[in-house]
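Each residue of the sequence shown is one higher than the one before, counting from 1 in the working numbering. We put the beta carbon where it would ideally sit given N, CA and C, even for glycine. Everything on this sheet refers to the single structure shown next.
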Amino acid sequence: MWEDLYKQALEEGWEKLQNIPGVITGFHSTIDGLKKVDASLIEQLLKKIGTITELPEEPTSAIRKPEDLIIDLLISIREGLAYQRMIENEETFKWTLENVGYDQLRLGGTSANMANLLSPLPLKKILVYANPLTRELAELFPERDNLFILTGEDGKPVLRSPRKAWKEEGIFAIHWILEYGEGLRVDLNGFSFKSPRANRFIAAWNPVNCRLRVSEEFKRDIFLIPERFSHFLVSGFHILLERYPEGKTCEDFIIPVASFVGEMKEKLGVKVHYEFASIGSQMIRNSVVKNIFPVIDSLGLNEIEFATLLNDLGEQELAKELREGRFPIVKLVDGLIKIMKRTTLRRIQLHTLGHYISITRDKNETEERSALLFSAILAATRSLLGKYETFDDLKRGIEVPTITLTGYEGIKNIDEFGVVIVPTKVVQSPKLTVGLGDIISSSGFLLS
Ligand code: ADP
Numbered sequence: 001m002w003e004d005l006y007k008q009a010l011e012e013g014w015e016k017l018q019n020i021p022g023v024i025t026g027f028h029s030t031i032d033g034l035k036k037v038d039a040s041l042i043e044q045l046l047k048k049i050g051t052i053t054e055l056p057e058e059p060t061s062a063i064r065k066p067e068d069l070i071i072d073l074l075i076s077i078r079e080g081l082a083y084q085r086m087i088e089n090e091e092t093f094k095w096t097l098e099n100v101g102y103d104q105l106r107l108g109g110t111s112a113n114m115a116n117l118l119s120p121l122p123l124k125k126i127l128v129y130a131n132p133l134t135r136e137l138a139e140l141f142p143e144r145d146n147l148f149i150l151t152g153e154d155g156k157p158v159l160r161s162p163r164k165a166w167k168e169e170g171i172f173a174i175h176w177i178l179e180y181g182e183g184l185r186v187d188l189n190g191f192s193f194k195s196p197r198a199n200r201f202i203a204a205w206n207p208v209n210c211r212l213r214v215s216e217e218f219k220r221d222i223f224l225i226p227e228r229f230s231h232f233l234v235s236g237f238h239i240l241l242e243r244y245p246e247g248k249t250c251e252d253f254i255i256p257v258a259s260f261v262g263e264m265k266e267k268l269g270v271k272v273h274y275e276f277a278s279i280g281s282q283m284i285r286n287s288v289v290k291n292i293f294p295v296i297d298s299l300g301l302n303e304i305e306f307a308t309l310l311n312d313l314g315e316q317e318l319a320k321e322l323r324e325g326r327f328p329i330v331k332l333v334d335g336l337i338k339i340m341k342r343t344t345l346r347r348i349q350l351h352t353l354g355h356y357i358s359i360t361r362d363k364n365e366t367e368e369r370s371a372l373l374f375s376a377i378l379a380a381t382r383s384l385l386g387k388y389e390t391f392d393d394l395k396r397g398i399e400v401p402t403i404t405l406t407g408y409e410g411i412k413n414i415d416e417f418g419v420v421i422v423p424t425k426v427v428q429s430p431k432l433t434v435g436l437g438d439i440i441s442s443s444g445f446l447l448s
C-alpha cells in the first residue's frame, strides 16, 4: 500500500508545485566559511595570542576577543562536541578573517538553504531574503530561473537573480565552520589532549542577521511588486542572542519581526511556516513561542527540538518519557495534541529518522499524507545522490525501501485534529545529510 501511495504522491506533488504562485524565504542567508583545523593552524594561532595555561570546562558564552575563539575551539576539540558561538565585535571578526581565513566558502543560513534546495523543483518563483547581499554571497546561490532577490532598479522594486542583484563586494558576515578530525593532538603549556572524534566548532559573525533586522527597502517593496506570493518560510531565530552588547534583548528584535510577519500575512495573504531549528537558549525559545507562534500557520521540527519545546511549555514528564523511551510515536502524538491545544497553529510537522508525523486542524489529511510522502522522497533522493535536479532523480529516491512499519502509520482523527503518520525511506549509506530537515519541512508545508 505505501509503495503505491508513494508513487501517487510523487506525481501529485510534482504537479501541485507547478501551481504554487510563489514562495518567500527569510530572514537568514549567509556565507559559511569552511576551514580545516590541523596541528599547525593551532600552533600558529597560539603563537599569536600567547600560551594558554588552562582550559575552562565550558566554552565562553560569546566570543569577545581572539583568545575566546581559540579557547572555545580547543574545548570543542577536547570534548569532540559541536559548539556554536557568536562573535560579538568587529575587531575579533577581522582578526579571525586575517588569521584563520577559510579554505572554501559555501552558501549558508536556513533561508538560503531552503531556497537552494527548493529551486530544482518546478516552482514558479522563490524569493530569498539576503541582506547584506554582497558579491561573495550572491555568487554562492545556484543559477536558476525561478530564484530571485528583491532589489531596486531605476528607483523601482524588481525581482532579479541573486547574481544580478549584489550591490557591494566583501565579506561582512560569515559563519566559520572549523572542522577537525579524530585524534587531533593539542599541546598546551604543561598539558595535552586529543580530539575523541571528528567534529566542528562554529564561530559566527553576523551583526545584521543576528538581530534579524529586516531592511527598510524590503519592508516597503514587498508590498509594491506586482508578482504574487502565496507561501512564506520564516526562520533565523536560532542565531539571536539573549542579550546584546548595546543592552537590547532578543525580544527587542523578535517583536518587530513578528509584527512584520503579521503584516505580510494580512497584506499578501501568505501562509507562514516556521522551521524551529535548535535554539540553545530557553529565553529565546520562550520569546519565539510567545511572539512568533501567534503569527504563523505551520511549525516544523525534529523530535529533539520537539521534546525541548514540550519541556518549555511545562510538559516535563512527557518530555522525559519521550527522551527516555527513544521517542515512541504514541507519545509524540500525545505531545503534538497538547501543543495544538495550547496554540493557534494550523499544523505541526515533525520529522524523525523513520517517520514523519503531521497534525492539522484543516481536515485535509489525504493532502497532508501526500505532502509528507513527497518530502520523504526528496530526503531519500538527496541522501542517496547528494542532490536532486530532475523528476527522474526523484524516481531513484522512490526506489529506496520504505522502512519497517510499526502499525501506527496512517490517518487518524483525534479530538478535533487530523493526525497523519507516514513511514519514510531511509538511505543506508547516505552521501549527504545536511539540510535534510529544511527540505522535509519546507516541501511538506508547500504541498500540505
Ligand atoms: P538537519 O538540521 O541536519 O536538517 P534534522 O534533525 O532537522 O537535521 O533533520 C534530519 C532528518 O533527515 C531526520 O529526521 C530524517 O528524517 C532525515 N534523514 C537523516 N538521515 C537520513 C537518511 N540516511 N535517509 C533518509 N532520511 C534521512
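DSSP three-state call for residue i: helix, strand or coil?
i: G410; result: strand
i: L385; result: helix
i: L299; result: strand
i: G26; result: strand
i: Y274; result: strand
i: R361; result: coil
i: S119; result: coil
i: I187; result: In the sequence on display, residue 187 carries Asp and not Ile. In this structure, D187 counts as strand in the three-state DSSP scheme.
i: G181; result: coil
i: V400; result: coil
i: N449; result: Because the chain spans 1 through 448 in this model, residue 449 falls outside it and cannot be assessed.
i: Y356; result: strand
i: N131; result: coil
i: V426; result: coil
i: T344; result: coil
i: S375; result: helix
i: F201; result: strand
i: D4; result: helix
i: L107; result: strand
i: K248; result: coil
i: I292; result: coil
i: L432; result: coil
i: F229; result: coil
i: L268; result: helix
i: I339; result: helix
i: V480; result: Residue 480 is absent from the structure shown; the chain starts at 1 and stops at 448.
Quick check on the burial criterion: 16 or more other C-beta atoms within 10 angstroms. Buried or exposed for residue i?
i: F148; result: buried
i: F391; result: exposed
i: R200; result: buried
i: K387; result: exposed
i: M1; result: exposed
i: P59; result: buried
i: P459; result: Summary: the structure shown does not reach residue 459, with the chain confined to residues 1 through 448, and so no result is reported for it.
i: R85; result: buried
i: L224; result: exposed
i: N19; result: exposed
i: E317; result: exposed
i: A173; result: buried
i: L405; result: exposed
i: G170; result: exposed
i: I304; result: exposed
i: K94; result: exposed
i: L353; result: exposed
i: S443; result: buried
i: V330; result: exposed
i: R220; result: exposed
i: L414; result: One detail in the question is off: residue 414 reads as Ile in this sequence, not Leu. Counting Cβ neighbours within 10 Å, I414 comes out exposed, since fewer than 16 surround it.
Of the choices the options, whose alpha-carbon is the least far from that of residue i?
i: Q449; options: G386, F374 and G397; result: Outside the modelled stretch of the chain, which goes from 1 to 448, sits residue 449, for which no answer is possible.
i: Y102; options: L34, P56, K156 and N116; result: L34
i: I411; options: P423, V270, E242 and P162; result: P423
i: T343; options: K290, N364, K331 and E317; result: K290
i: P56; options: L73, G435 and K431; result: L73
i: E462; options: L123, D415 and V158; result: Examination of residue 462 is not possible in this model, given that the chain is present from 1 through 448 alone.
i: E217; options: I359, R361, G152 and N364; result: G152
i: E365; options: T406, K271 and R347; result: R347
i: N89; options: G50, P207 and S358; result: P207
i: Q282; options: E251, I71, I377 and P120; result: E251
i: L345; options: F306, L299 and G335; result: L299
i: Y408; options: E416, E399 and V420; result: V420
i: S448; options: D68, S230 and G262; result: S230
i: T53; options: F191, F293 and A379; result: F191
Does residue i have its Cβ less than 7 Å from a Cβ in chain B?
i: A130; result: Among the chains in the structure shown there is no chain B, since it carries only a single protein chain.
- Could you name each continuous alpha helix (DSSP H) segment of 4 residues or more that falls completely within the stretch 36-97, going from the start of the chain to the end? Taken in chain order, the unbroken stretches of alpha helix (DSSP H) that lie wholly in the stretch 36-97 and span 4 residues or more are 39-49 and 66-79.
- Counting Cβ pairs, one atom from each stretch, are 3 or more of them under 8 Å apart for the stretch 7-24 and the stretch 367-383? In the pairwise beta carbon analysis, the stretch 7-24 is classified as touching the stretch 367-383: at least three pairs are separated by under 8 Å.
- Query: With contact counted as at least three CB pairs below 8 Å, one residue from each stretch, are the stretch 212-224 and the stretch 254-262 in contact?
  - Reply: By the Cβ rule, the stretch 212-224 counts as touching the stretch 254-262, because three or more pairs are nearer than 8 Å.
- Specify whether the stretch 230-243 and the stretch 146-162 touch according to this definition: at least 3 beta carbon pairs, one from each stretch, less than 8 Å apart. Fewer than three beta-carbon pairs drawn from the stretch 230-243 and the stretch 146-162 are found closer than 8 Å, and the two stretches are therefore not classed as touching.
- Query: Using 8 Å as the threshold, is the stretch 310-317 in touch with the stretch 263-277, meaning 3 or more CB pairs across them?
  - Reply: Contact between the stretch 310-317 and the stretch 263-277 is absent, because fewer than three Cβ pairs lie under 8 Å.
- Touch check for the stretch 103-119 and the stretch 431-442: three-plus C-beta pairs under 8 Å? Taking a contact to require three or more Cβ pairs closer than 8 Å, the stretch 103-119 and the stretch 431-442 qualify as touching.
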